[in-house]
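Worksheet for the structure shown next.
Number of protein chains: 2
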Amino acid sequence: MTGAETADVPEDGALRTPDRLRRRASRLLSQLAVRSDRLIAEGLARADARKWHYAVLASLQEYGPGSQAELSSRSGIYRSDMVGVLNELVERGLVERAPDPDDRRRNVITISARGRRHLRRLDKVLDDLHDELLAPLSPAERDRFVRLLTRLVDHHTRNS
Amino acid sequence: MTGAETADVPEDGALRTPDRLRRRASRLLSQLAVRSDRLIAEGLARADARKWHYAVLASLQEYGPGSQAELSSRSGIYRSDMVGVLNELVERGLVERAPDPDDRRRNVITISARGRRHLRRLDKVLDDLHDELLAPLSPAERDRFVRLLTRLVDHHTRNS
DNA sequence: GATGAGCGTTAGTCGCGCTAACGTTCTGGG
DNA sequence: CCCAGAACGTTAGCGCGACTAACGCTCATC
Numbered sequence: 010m011t012g013a014e015t016a017d018v019p020e021d022g023a024l025r026t027p028d029r030l031r032r033r034a035s036r037l038l039s040q041l042a043v044r045s046d047r048l049i050a051e052g053l054a055r056a057d058a059r060k061w062h063y064a065v066l067a068s069l070q071e072y073g074p075g076s077q078a079e080l081s082s083r084s085g086i087y088r089s090d091m092v093g094v095l096n097e098l099v100e101r102g103l104v105e106r107a108p109d110p111d112d113r114r115r116n117v118i119t120i121s122a123r124g125r126r127h128l129r130r131l132d133k134v135l136d137d138l139h140d141e142l143l144a145p146l147s148p149a150e151r152d153r154f155v156r157l158l159t160r161l162v163d164h165h166t167r168n169s
Numbered sequence: 010m011t012g013a014e015t016a017d018v019p020e021d022g023a024l025r026t027p028d029r030l031r032r033r034a035s036r037l038l039s040q041l042a043v044r045s046d047r048l049i050a051e052g053l054a055r056a057d058a059r060k061w062h063y064a065v066l067a068s069l070q071e072y073g074p075g076s077q078a079e080l081s082s083r084s085g086i087y088r089s090d091m092v093g094v095l096n097e098l099v100e101r102g103l104v105e106r107a108p109d110p111d112d113r114r115r116n117v118i119t120i121s122a123r124g125r126r127h128l129r130r131l132d133k134v135l136d137d138l139h140d141e142l143l144a145p146l147s148p149a150e151r152d153r154f155v156r157l158l159t160r161l162v163d164h165h166t167r168n169s
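Protein sequences appear in the order of chains G and X.
Just so we're aligned, residue 10 is where the first sequence starts under our numbering, counting upward by one.
Just so we're aligned, residue 10 is where the second sequence starts under our numbering, counting upward by one.
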């Protein structure tokens, strides 16, 4: 019997993860997401920023001032976490937080000139980081990849 | 006039997240990974399992019995977390944990008959869940997607 | 004017990836 | 032969992201 031939380790000696595991889209996805998150987080940290900063600044730039609740739904940040993010942005002078005179429950958040400059810089930083993230893919492939991702995300957010 | 509802919201009414945000591969990736994780976790929970269970059982099936450390590197589970996962598997009778007579530092983990049956079931469950995950893509597209993911993951794991 | 809803805020939960440290056991060099 | 160092299993704990619960305040409605 082949019994002893043994062992479990394939001849090449390396400890391999089984194919059924390695091939699963869900696993590839979460592995890549972890790498990606780290890459982005570290890159932004070097610019004294985090991804939430970018999300908020971009929302403000694109759609103008808004309440914290609005920013939450625009950027996908939980309203519970919004306060902390805004504190950091205010601290850095990138954003202004003022009570809304028309509705005293609200704060109106406005991007500052400095915030706009910072945003431009972050855009550049992110471009570079995405170059790194997608390095092995050709431009056409990157496009295809993003399109596939978009379709999947759209599908899974529509069906809530 | 559209009076009060006006504000800064675009005419279609929906609160939209800016394109520069929505389009970023990193963001799509982490969003999809979150959805995917949830989908998988919930699906497996219905079968009284978690993804780590699958990882361990698959490794055992594929490469035979091994120490906890071996299983760690095969499955990508941290050795700190391995013990908990194995406790759950032992509890369910899917796996046996016995001290290695040749090296008393080690435990030898073996998959049981019941574990093998469970694994087959989980394979089916995961197939279905991936059908759901990749629903909007054609078979060819799913293939392309997995290939792109694989290349990216490979690239980012080789460069450690 | 009371009820209910929206807003901002604080605190806390849960899972995941990861680090630190410890006791036990094996291995290799002096 | 012994001792230093490494590997193993285990426990405890951190940091972070997504999320829930609850509270006080303010607005809108009846």
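All C-beta atoms in this analysis are idealised placements derived from N, C-alpha and C, irrespective of residue type, glycine included.
Only counting the same chain, and skipping five residues up and downstream in sequence, which positions put a Cβ closer than 6 Å to that of residue i?
i: G93 (chain G); result: none
i: V117 (chain X); result: P74, A107 and D109
i: L69 (chain G); result: I120
i: R153 (chain G); result: none
i: H127 (chain G); result: L103
i: G124 (chain G); result: L66, L103 and V104
i: R151 (chain X); result: L143
Just the C-alpha distance for residue i and residue j, rounded to the nearest angstrom, thanks.
i: S84 (chain X); j: R47 (chain X); result: 20 Å
i: L146 (chain G); j: D111 (chain G); result: 51 Å
i: D140 (chain X); j: I49 (chain X); result: 11 Å
i: S77 (chain G); j: R114 (chain G); result: Correcting the residue identity first, residue 77 (chain G) is Gln in this sequence and not Ser. Their backbone Cα atoms lie some 10 Å apart in a straight line.
i: E51 (chain X); j: G52 (chain G); result: 33 Å
i: L138 (chain X); j: P148 (chain X); result: 15 Å
i: L66 (chain G); j: S39 (chain X); result: 19 Å
i: T166 (chain X); j: R160 (chain X); result: 10 Å
i: R32 (chain G); j: L157 (chain X); result: 12 Å
i: V162 (chain X); j: H62 (chain G); result: 27 Å
i: N168 (chain G); j: L142 (chain X); result: 12 Å
i: A9 (chain G); j: L135 (chain G); result: As displayed, chain G neither begins before 10 nor continues past 169, which places residue 9 (chain G) out of reach and without an answer.
i: A54 (chain X); j: V43 (chain X); result: 16 Å
i: L95 (chain X); j: N96 (chain G); result: 43 Å
i: K60 (chain X); j: K60 (chain G); result: 28 Å
Considering just the uninterrupted stretch of the alpha helix (DSSP H) at residue i, what are its terminal residues?
i: N96 (chain G); result: R88 to E100
i: T166 (chain G); result: P148 to R167
i: A67 (chain G); result: K60 to Y72
i: L138 (chain X); result: A122 to L142
i: R83 (chain G); result: Q77 to S84
i: R47 (chain X); result: A34 to R55
i: R182 (chain G); result: For chain G, the structure presents residues 10 to 169; residue 182 (chain G) sits outside this window and is missing.
Within 10 angstroms of the Cβ of residue i, are there 16 or more other Cβ atoms? Answer buried if so, exposed if not.
i: Y72 (chain G); result: buried
i: Y87 (chain X); result: exposed
i: E79 (chain X); result: buried
i: K133 (chain G); result: exposed
i: S45 (chain G); result: buried
i: A58 (chain G); result: buried
i: S89 (chain G); result: exposed
i: G102 (chain X); result: exposed
i: A64 (chain X); result: buried
i: A144 (chain G); result: exposed
i: A122 (chain G); result: exposed
i: A34 (chain X); result: buried
i: D28 (chain X); result: exposed
Near residue i, what residues of its chain come up, given a Cβ to Cβ distance below 8 Å and the 5 sequence neighbours on each side ignored?
i: V155 (chain G); result: none
i: V99 (chain X); result: E105 and R106
i: R130 (chain X); result: A56
Identify, in the order they occur along the chain, each residue of the same chain with its Cβ nearer than 7 Å to the Cβ of residue i, setting aside the five sequence neighbours on each side.
i: R36 (chain G); result: L30
i: L41 (chain G); result: none
i: M91 (chain X); result: Q77, L80 and S81
i: A16 (chain X); result: Reliability of the predicted coordinates at A16 (chain X) is poor, the pLDDT of 34 falling under 50, and no value is obtained from them.
i: H164 (chain X); result: none
Assuming residue i is part of the beta strand (DSSP E), what are its boundary residues?
i: R106 (chain G); result: V104 to P108
Run the proximity test for residue i: is its beta-carbon closer than 7 Å to any non-hydrogen atom belonging to the ligand GTP?
i: S82 (chain X); result: Among the components modelled here there is no ligand, and therefore nothing to report on the ligand GTP.
Check each residue of the region 97 to 120 of chain G: if its Cβ is closer than 7 Å to any Cβ of chain X, include it; give the result in chain order. Answer set for the region 97 to 120 of chain G: empty.
Mind listing which residues of the region 45 to 71 of chain X have their C-beta closer than 7 Å to chain G's C-betas, in chain order? Of all residues in the region 45 to 71 of chain X, S45, D46, I49, A64, A67, S68 and E71 have a Cβ within less than 7 Å of some Cβ in chain G.
Which residues, in order along the region 155 to 167 of chain G, keep a beta-carbon less than 9 Å from a beta-carbon of chain X? Listed by position along the chain: V155, L157, L158, T159, R160, L161, V162, D163, H164, H165 and T166.
Give me the subset of the region 121 to 132 of chain G whose CB atoms are less than 8 Å from a CB atom of chain X, sorted by chain position. So the list reads D132, given in the order they occur along the chain.
Beta carbons nearer than 8 Å to chain X: which residues of the region 140 to 156 of chain G have them? Flagged, chain order: L142, L143, A144, P145, L146, E150, R151, R153, F154 and V155.
Output needed in chain order: residues of the region 23 to 38 of chain G with a Cβ under 9 Å from some Cβ in chain X. Per Cβ criterion, the list reads L24, R25, T26, P27, D28, R29, L30, R31, R32, R33, A34, S35, R36, L37 and L38.
By the 7 Å beta-carbon criterion, what residues does the region 77 to 92 of chain X contribute toward chain G? Residues E79, S82, R83, S84 and G85.
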